[in-house]
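Colleague: Those protein sequence lines, which keep their order, are chains A and B.
Letter by letter, the first sequence follows residues 1 to 208 in the UniProt record's numbering.
Letter by letter, the second sequence follows residues 1 to 208 in the UniProt record's numbering.
Take a look at the following structure, please.
Protein chains: 2
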Amino acid sequence: MRVVIAIFDEFTALDAVGPYEVLRLLPGAEVVFAAVRTGPVRTDSRALAITADAAFPDIDRCDVLVVPGGRGSREFLADPDMIAWLRGVHATTTWTASVCTGSLVLAAAGLLEGLPAATHWSAAAELEALGAVYTAERVVFHDKVVTAAGVSAGIDMALALAARLTDRTTAEAIQLAIEYDPQPPFDAGSPAKAPQAAKDLLEAGLRR
Amino acid sequence: MRVVIAIFDEFTALDAVGPYEVLRLLPGAEVVFAAVRTGPVRTDSRALAITADAAFPDIDRCDVLVVPGGRGSREFLADPDMIAWLRGVHATTTWTASVCTGSLVLAAAGLLEGLPAATHWSAAAELEALGAVYTAERVVFHDKVVTAAGVSAGIDMALALAARLTDRTTAEAIQLAIEYDPQPPFDAGSPAKAPQAAKDLLEAGLRR
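Here it is in structure tokens:
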């Protein structure tokens with residue numbers, strides 16, 4: 001089973017690495033990080049680079065395609081070559097997945113037209129402008145497309161996907177392997193739960 | 001504030017990238033991935049490489065040091081040069097942190113002698129053999145050292161650390177930014193919760 005994680009300049013690292021850490025443990029999985037060209041790809045913070053071991057033109061099929069999000073997703077989705085590549089590979093997949101604003105890319109490729117989809121809570125309007133129906137859920141399955149909410153939601157998505165690709169016991173064994181028994185110290189992970197002061201601070205770019 | 005994430009051959013990606021994604025959002029944070037030499041460092045799966053932008057000898061101080069785990073932690077902790085470097089940098093930190101079997105490295109450096117510490121549930125005996133007192137908690141603070149349980153626990157650890165480095169509202173804003181409102185599809189993230197079939201499957205190397 002070939003899993004391709006499509007990365008691009010200014011992607012968000014955890015969007016990609018969360019699903020990677022789950023899917024790479026699937027029996028028989030071969031995970032490949034791919035980008036427009038091989039070599040290091042910088043994330044949105046510029047402080048981290050992940051190596052693309054394959055270039056998009058060298059990949060014409062895969063079983064699972066994962067598109068992370070991040071600031072750079074807007075440039076990625078505006079590139080006709082990338083969208084054409086994505087549509088071509090999507091035609092071969094068993095599952096096409098996105099995390100965070102990766103769903104904007106899927107929407108731009110026409111894969112979410114009129115369909116329910118998740119994205120980072122701050123990108124709901126952008127997603128709707130691209131033709132999808134924003135759904136404030138953590139993971140949304142529709143046909144063979146699965147979209148996850150922001151950043152850390154990729155872990156939940158990948159575990160749910162792992163169960164569909166194999167079986168529940170395998171997914172549970174992977175959850176145990178990554179000791180995913182989340183105990184956030186605060187309960188501020190969604191706009192509905194975060195205190196107003198935290199929302200205001202984030203809105204201000206975390207600057208006081 | 002300088003955050004150094006010390007990576008090594010065959011580390012586990014999510015151990016490092018979970019804390020990175022939280023700590024890089026701290027106001028004024030400069031995050032640096034460092035390794036024995038600069039360039040790509042392969043994770044335990046070999047399918048992912050993260051670039052080390054700094055070499056250990058070039059770093060003699062930092063505010064926060066994060067040591068991830070992974071299979072390669074055993075080789076890392078057996079290298080006297082690395083342990084000497086770690087001890088030297090630890091002397092300068094405000095916080096020294098580990099995720100997963102990164103705590104084995106801290107223990108080998110003598111930082112956990114007789115002290116309570118977390119690690120991946122499967123490495124409890126190894127941790128105790130290195131002089132620490134294994135504690136089956138997700139995040140353990142002791143003086144200026146904080147140790148987290150396996151892999152995904154680094155996210156919880158980093159949020160708790162973010163609050164101590166700044167304040168609760170900042171940590172909550174970061175939690176909202178990464179939409180960390182975990183909803184695992186299963187409840188198998190610790191040995192106490194996982195079904196026996198999942199434990200057996202993991203024990204068998206996920207092979208049926």
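A virtual CB, placed ideally from N, CA and C, is assigned to each residue, including glycine.
Please classify T94 (chain B): is it buried, with 16 or more other beta-carbons within 10 angstroms of its beta-carbon, or exposed?
Modeller: Counted from its first residue, the second sequence places residue 94 (chain B) at position 94. That one is exposed.
Colleague: Compare the C-beta of S98 (chain A) with all C-beta atoms of chain B and state if any pair is closer than 8 Å.
Modeller: Locating residue 98 (chain A) in the first sequence gives position 98, where the first residue counts as 1. Chain B contact via Cβ: absent.
Colleague: Applying the criterion that 16 or more other CB atoms from any shown protein chain within 10 Å of the CB defines a buried residue, is A49 (chain B) buried or exposed?
Modeller: As a first step, residue 49 (chain B) is located in the second sequence; it is residue number 49 there, counting from the start. By the 10 Å Cβ count, A49 (chain B) comes out buried.
Colleague: Nearest to Y20 (chain A) by CA position, among A:C100, A:G39, A:V105 and A:V66, is which residue?
Modeller: Within the first sequence, residue 20 (chain A) is the residue found at index 20, counting from 1. The candidate whose alpha carbon is nearest that of Y20 (chain A) is A:V66.
Colleague: State the start and end residues of the unbroken alpha helix (DSSP H) segment that holds P19 (chain A).
Modeller: In the first sequence, residue 19 (chain A) corresponds to position 19, counting from 1. Note, P19 (chain A): alpha helix (DSSP H), A13 to L23.
Colleague: Short of 6 Å in beta carbon distance, which residues of its chain neighbour V133 (chain A), apart from the five on each side in sequence? Order them along the chain.
Modeller: Mapped onto the first sequence, residue 133 (chain A) falls at position 133. P116.
Colleague: If you measure beta-carbon to beta-carbon, which residues of the segment 32-62 of chain B are closer than 8 Å to chain A?
Modeller: Answer set for the segment 32-62 of chain B: V32, F33, P40, S45, A47, L48, A49, I50, T51 and D53.
Colleague: Look at the alpha carbon of E137 (chain A) and the alpha carbon of A107 (chain A), and state the distance between them as a whole number of angstroms.
Modeller: Sequence index remark: in the first sequence, residue 137 (chain A) carries index 137 (1-based). Sequence index remark: in the first sequence, residue 107 (chain A) carries index 107 (1-based). Cα to Cα, E137 (chain A) sits roughly 17 Å from A107 (chain A).
Colleague: Can you confirm whether S103 (chain A), when its beta carbon is compared against all beta carbons of chain B, has any partner nearer than 8 Å?
Modeller: As a working note, residue 103 (chain A) is residue 103 in the first sequence. So no, S103 (chain A) is outside the interface.
Colleague: My understanding is that R2 (chain B) touches C62 (chain B), with C-beta atoms under 8 Å, so please give their C-beta distance in whole angstroms.
Modeller: Working through the second sequence from its first residue, we reach residue 2 (chain B) at position 2. Working through the second sequence from its first residue, we reach residue 62 (chain B) at position 62. Going by Cβ atoms, the distance from R2 (chain B) to C62 (chain B) rounds to 4 Å, so yes, they are a contact pair.
Colleague: Relative to the C-alpha of R207 (chain A), which residue among B:P184, B:T169 and B:A198 is closest?
Modeller: Looking up residue 207 (chain A) in the first sequence gives position 207. Looking at the Cα atoms, B:T169 is the closest of the given residues.
Colleague: Which residues of chain B have a Cβ atom closer than 7 Å to the Cβ of W121 (chain A), listed in chain order?
Modeller: If you number the first sequence from 1, residue 121 (chain A) lands on position 121. The answer, in chain order, is E179.
Colleague: Using the Cα positions of T12 (chain A) and S152 (chain A), report the straight-line distance between them to the nearest angstrom.
Modeller: Taking the first sequence and counting its residues from 1, the one referred to as residue 12 (chain A) is at position 12. Taking the first sequence and counting its residues from 1, the one referred to as residue 152 (chain A) is at position 152. Each residue's alpha carbon lies about 10 Å from the other.
Colleague: Checking 8 Å against the spacing of the C-beta atoms, do A16 (chain A) and A34 (chain A) come in under that value?
Modeller: In the first sequence, counting from the first residue as 1, residue 16 (chain A) sits at position 16. In the first sequence, counting from the first residue as 1, residue 34 (chain A) sits at position 34. No. Outside cutoff.
Colleague: Closest Cβ-Cβ distance between R2 (chain A) and chain B: below 8 Å?
Modeller: Taking the first residue of the first sequence as position 1, residue 2 (chain A) is located at position 2. No - not a single Cβ of chain B is within 8 Å of the one on R2 (chain A).
Colleague: Helix, strand or coil for T169 (chain B)? Go by DSSP, reduced to three states.
Modeller: Against the second sequence, residue 169 (chain B) aligns to sequence position 169. T169 (chain B) falls in the helix class under three-state DSSP.
Colleague: Have a look at L201 (chain A) and I5 (chain B) and give me their C-alpha separation to the nearest angstrom.
Modeller: By one-based count along the first sequence, residue 201 (chain A) stands at place 201. By one-based count along the second sequence, residue 5 (chain B) stands at place 5. Rounded to whole angstroms, L201 (chain A) to I5 (chain B) spans 26 Å at the Cα level.
Colleague: Please state whether the Cβ-Cβ distance between A97 (chain B) and V140 (chain B) is less than 8 Å.
Modeller: Here residue 97 (chain B) refers to the residue found at position 97 of the second sequence. Here residue 140 (chain B) refers to the residue found at position 140 of the second sequence. For A97 (chain B) and V140 (chain B), no; Cβs fall outside 8 Å.
Colleague: Only counting the same chain, and skipping five residues up and downstream in sequence, which positions put a Cβ closer than 7 Å to that of A123 (chain B)?
Modeller: Taking the first residue of the second sequence as 1, we reach residue 123 (chain B) at position 123. Excluding residues within five positions, the ones whose Cβ falls inside 7 Å are T101 and L104.
Colleague: Report buried or exposed for Q175 (chain A), applying the criterion of at least 16 other Cβ atoms within 10 angstroms of its Cβ.
Modeller: By 1-based counting over the first sequence, the position of residue 175 (chain A) is 175. Burial call: buried.
Colleague: Just checking: is the beta-carbon of E126 (chain B) within a distance shorter than 8 Å of some beta-carbon in chain A?
Modeller: Stepping through the second sequence from its first residue, residue 126 (chain B) is reached at position 126. Output row for E126 (chain B): interface = no.
Colleague: Bridge partners for V32 (chain A) per DSSP, in chain order?
Modeller: On the first sequence, position 32 is the one that residue 32 (chain A) refers to. Paired residues: A:V4.
Colleague: Can the beta-carbon of T119 (chain B) be found closer than 8 Å to that of T92 (chain B)?
Modeller: The count along the second sequence starts at 1 and reaches residue 119 (chain B) at position 119. The count along the second sequence starts at 1 and reaches residue 92 (chain B) at position 92. Not in contact: T119 (chain B) and T92 (chain B) (Cβ atoms no closer than 8 Å).
Colleague: Taking 8 Å as the threshold (beta carbon to beta carbon), is T169 (chain A) in contact with chain B?
Modeller: Taking the first sequence and counting its residues from 1, one reaches residue 169 (chain A) at position 169. Judged by the 8 Å Cβ criterion, T169 (chain A) is in contact with chain B.
Colleague: Sorted by chain position, which residues of the same chain lie with C-beta nearer than 7 Å to residue 232 (chain B)'s C-beta, five sequence neighbours on each side aside?
Modeller: No statement about residue 232 (chain B) is possible, as the shown extent of chain B runs from 1 to 208 and does not include it.
Colleague: Along the segment 133-153 of chain A, where does the CB come closer than 7 Å to a CB of chain B? Name the residues.
Modeller: For the segment 133-153 of chain A, which is checked against every Cβ of chain B, the residues closer than 7 Å are R138, A149, G150, V151, S152 and A153.
Colleague: Going by DSSP, which residues form a beta bridge with P40 (chain B)?
Modeller: Position 40 of the second sequence, counting from 1, holds the residue named residue 40 (chain B). In DSSP, P40 (chain B) forms a bridge with B:T51.
Colleague: Extract the residue ranges of the alpha helix (DSSP H) inside the segment 81-112 of chain A, only unbroken runs of 4 or more that lie entirely within it.
Modeller: Correct list: 102-108.
Colleague: What three-state label does DSSP hand A136 (chain B) in the structure shown?
Modeller: Locating residue 136 (chain B) in the second sequence gives position 136, where the first residue counts as 1. Coil.
Colleague: Between the C-alpha atoms of W85 (chain B) and E30 (chain A), what's the straight-line distance to the nearest angstrom?
Modeller: Locating residue 85 (chain B) in the second sequence gives position 85, counting from the first residue. Locating residue 30 (chain A) in the first sequence gives position 30, counting from the first residue. Their backbone Cα atoms lie some 35 Å apart in a straight line.
Colleague: In chain A, which residues lie with their C-beta within 7 Å of the C-beta of V17 (chain B)?
Modeller: The count along the second sequence starts at 1 and reaches residue 17 (chain B) at position 17. In chain order: A13, L14 and V17.
Colleague: Any idea if E179 (chain A) is buried or exposed, counting beta-carbon neighbours within 10 angstroms, 16 or more meaning buried?
Modeller: Taking the first sequence and counting its residues from 1, one reaches residue 179 (chain A) at position 179. Buried.
Colleague: Got a sec: is the Cβ-Cβ distance from D156 (chain A) to anything in chain B below 8 Å?
Modeller: Your numbering for residue 156 (chain A) matches position 156 in the first sequence. True, the Cβ-Cβ gap to chain B drops below 8 Å.
Colleague: Do P80 (chain B) and L159 (chain A) have their beta-carbon atoms positioned less than 8 Å apart in this structure?
Modeller: Taking the first residue of the first sequence as 1, we reach residue 159 (chain A) at position 159. Taking the first residue of the second sequence as 1, we reach residue 80 (chain B) at position 80. Contact: no.
Colleague: According to DSSP, is F141 (chain B) part of a helix, a strand, or is it coil?
Modeller: Looking up residue 141 (chain B) in the second sequence gives position 141. DSSP places F141 (chain B) in strand when its eight states are reduced to three.
Colleague: Taking only beta carbons into account, state which residues of the segment 60-90 of chain B come closer than 9 Å to chain A, listed in chain order.
Modeller: So the list is empty, because no residue satisfies the distance condition.
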